[in-house]
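Working notes, structure below.
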Amino acid sequence: MLAYDYPLLGFFWSVLMVFLFVAWIVLLLRVFGDIFRRDSSGWSKALWCLFVIVLPLLGTFVYVIAHGDGMITRDIAAASEQQDAVDTYIRTVAGGAPSPVDELEKLAALRDRGVISDVEFADQKARLLA
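Position 5, counted from 1, in the sequence shown is what the numbering used here calls 5; the numbers after and before it change by one each time, with no gaps.
This is the structure we're talking about:
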């Protein structure tokens, strides 16, 4: 009974329309996010917002056509900054490799305590600085 009232092709058409509507909403949100992320004047941002709100479908597509390259550039820059922040955090948490300055300080402390000689200190220092 349900199959007769709602045919399979009608179901696929409805799924396609819902998918396109959700994709357009995601694009609209990305456009609004990019409008406010851009380095432009407040009037420019206000006019783009007004255009996108008054004519949503046309405004969204015109913005993507006009500023699509800039959107991509800003997205890549933001992703790169986030990746750098994550990498820095991971290095600080993991401890990372000690820097040559830290190693030289340790060697100087060992030399001052008499654990290593001046010759061994000079050899190790030359190896670290090479």
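Cβ coordinates follow ideal geometry from the N, Cα and C atoms, glycine included.
{"Query": "Other residues of its chain near A125: CB distance less than 8 Å, five sequence neighbours each side excluded", "Result": "According to the sequence provided, residue 125 is Lys. The question's Ala does not apply to it. Cβ within range, chain order: L104 and L107."}
{"Query": "Helix, strand or coil at G70 according to DSSP, with G and I counted as helix", "Result": "helix"}
{"Query": "Beta-carbon proximity list for F11, same chain, < 7 Å, skipping 5 on both sides", "Result": "none"}
{"Query": "Separation of T88 from L47, as counted between CA atoms", "Result": "39 Å"}
{"Query": "Per-residue DSSP class, three states only, for G59", "Result": "helix"}
{"Query": "Where R113 falls: helix, strand or coil (DSSP)", "Result": "helix"}
{"Query": "Nearest-angstrom Cα separation, counted from V31 out to L8", "Result": "35 Å"}
{"Query": "Residues near D34 by beta carbon distance below 6 Å, same chain, minus five either side", "Result": "M71"}
{"Query": "Short CB-CB distance (under 9 Å) between D39 and chain D", "Result": "Here there is only one protein chain, and chain D is not present."}
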